[in-house]
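Below: one structure, written as structure tokens.
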Ligand code: PBG
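In the working numbering, the protein residues as written are 284 to 614.
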């Protein structure tokens, strides 16, 4: 009988679990995950967030239990978003944020690594990420950087290991680095939201942090966050942040921007973080809730895609499940 051969076969590498496991090109580990945490001053206990099942906004008490639970699940790195009770246009009070960091540090010591999101959007009455000019049509870059630098110093003093500026002003990385170094906080790292796009996918987050932009003259963040149509701006912004002293460069959102992760990987030796943001998480959860995909397998597929693109660090609202899911992942 005549046989037909296909010498260029690839299927032998896919034929069984052992082979797929052996030849996997990327590996996932819960050790590279960061869990975001929301902590709100005005609430006595946890509050649910629309679109984010399993991700509550915590009170300053409940966050300790939440962290305990994550530690029991192998997650020790956190990105903390403090949400203050009152909103203003300037002269912000950072005492609640300070107390959140010092309490978590006091409770858990060095068992946890704490990154602090650094932004003014949950502090401002207009929901923008900085100080607006008097006509409320644009952000005043230098005033915003000054306030943020001061805020960063207070967070470092309160025990943050890492400052993560998400405001997108020019020059903030350099200013924060200079101030931290001058004040003796040279060990505190900076994870820059370097390639942060102006995105629809921050919806549930803004609900969680009460931070939707609502100024009369400025209804969105397009004048400071990166356009989805501009790849060059994203890469250049990230390289600029690296030069100013960022230790980790973040791309955000994640799954729609894997081209940016892969592109940036070729331009830098700094570790890259991918933030699978609230809207991306919510989209996946909503498909899962309708029975249209398997939640666990879908998160694992997203994480695999981010690792493949070149992400060294993954920020995910499902980080708490990463260890369990990865350990029993089917190859
Ligand atoms: C603050 C900030 C935002 C996110 C992280 N930091 C929202 C925004 O820029 O409006 C989004 C995170 C998410 O959607 O999960 N500037």
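C-beta atoms are modelled at their ideal positions from N, C-alpha and C, and glycine is treated no differently.
Small disclaimer: the values here were computed from a predicted structure and weren't measured.
- Query: Is it true that the CB of residue 531 sits closer than 9 angstroms to the CB of residue 474?
  - Reply: yes
- Message: Between which two residues does the alpha helix (DSSP H) holding residue 606 run?
- Response: 602-610
- Query: Does ligand 1 have even one heavy atom less than 8 angstroms from the beta-carbon of residue 359?
  - Reply: no
- Could you tell me if the beta carbon of residue 573 falls within a distance shorter than 8 angstroms of some heavy atom in ligand 1? no
- In chain order, what residues of the same chain lie with their CB nearer than 8 angstroms to the CB of residue 589, ignoring the 5 residues before and after it? 537, 538, 541, 544, 557, 559, 597
- Count the other C-beta atoms from every protein chain shown that fall within 10 angstroms of the C-beta of residue 315, then say buried if there are 16 or more, exposed otherwise. buried
- Message: For the pair the stretch 423-437 and the stretch 489-506, tell me if three or more CB-CB distances fall below 8 angstroms.
- Response: no
- Message: Just to confirm, is the Cβ distance from residue 485 to residue 369 under 9 angstroms?
- Response: no
- Query: Nearest to residue 510 by CA position, among 482, 495, 388, is which residue?
  - Reply: 482
- Item | Helix, strand or coil at residue 353 according to DSSP, with G and I counted as helix | helix
- Task: Starting from the C-beta of residue 329, find all residues in its chain whose C-beta is less than 7 angstroms away, skip the five residues before and the five after it, and write them out in chain order.
- Result: 339, 340, 341, 342, 345
- For residue 466, count neighbouring C-beta atoms within 10 Å of its own C-beta (all shown protein chains included) and say buried if the count is 16 or more, exposed if not. exposed
- Looking only at C-alpha atoms, which of 405, 490, 573 sits nearest to residue 375? 405
- Message: Can you look up residue 540 in the DSSP assignment and give me helix, strand or coil?
- Response: helix
- beta-carbon residue 319 near ligand 1 non-hydrogen atom, thresh 8 angstroms: yes
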